[in-house]
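Numbering (my numbering), first residue to last: 67 to 178.
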């Protein structure tokens, strides 16, 4: 498993153009170029999603990451997130609406 480590400065959006922002603040226990590393314990809210289904607004409201588990790297007991971590954007009814768009580009992590 490999990918770029996500930090608090990562730009995350839904596949429809909405922007995700952290609903919980990452702990400063581990810093990457001065920004806190993000873990599976952090939650993201989406705003500005224009998605509709059959003309009915069904915007993405949250991003849920699935901890990879394969990296073995944790911060405060929670697995770190990589730009390759499995994730899904969800509607208010918790209907999956596609993977988020992640622009991380920090440090490369490779686990063998």
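Each residue gets a CB set at the ideal place from its N, CA and C atoms; glycine is no exception. The model shown is predicted, which means the values in this text are computed figures rather than measured ones.
To the nearest angstrom, how far is it from the Cα of residue i to the Cα of residue j?
i: residue 114; j: residue 86; result: 9 angstroms
i: residue 146; j: residue 108; result: 10 angstroms
i: residue 105; j: residue 125; result: 24 angstroms
i: residue 98; j: residue 73; result: 7 angstroms
i: residue 84; j: residue 138; result: 31 angstroms
i: residue 142; j: residue 89; result: 18 angstroms
Helix, strand or coil for residue i, going by three-state DSSP, please let me know.
i: residue 104; result: coil
i: residue 46; result: Not covered by the structure: residue 46. The range shown for the chain is 67 to 178.
i: residue 120; result: coil
i: residue 84; result: coil
Ordered along the chain, which non-local residues of its own chain (more than five positions away) have a Cβ less than 8 angstroms from that of residue i?
i: residue 167; result: 78, 79, 80, 81
Suppose the cutoff is 6 angstroms on Cβ atoms and the five residues either side in sequence are ignored; what does the same chain contact list for residue i look like?
i: residue 169; result: 77
i: residue 155; result: 80, 126, 129, 163, 164, 166
i: residue 152; result: 132
i: residue 75; result: 101
Does the contact criterion of 3 or more C-beta pairs under 8 angstroms hold for the stretch 117 to 124 versus the stretch 91 to 108? Judged by Cβ distances under 8 angstroms, the stretch 117 to 124 makes no contact with the stretch 91 to 108, as fewer than three pairs qualify.
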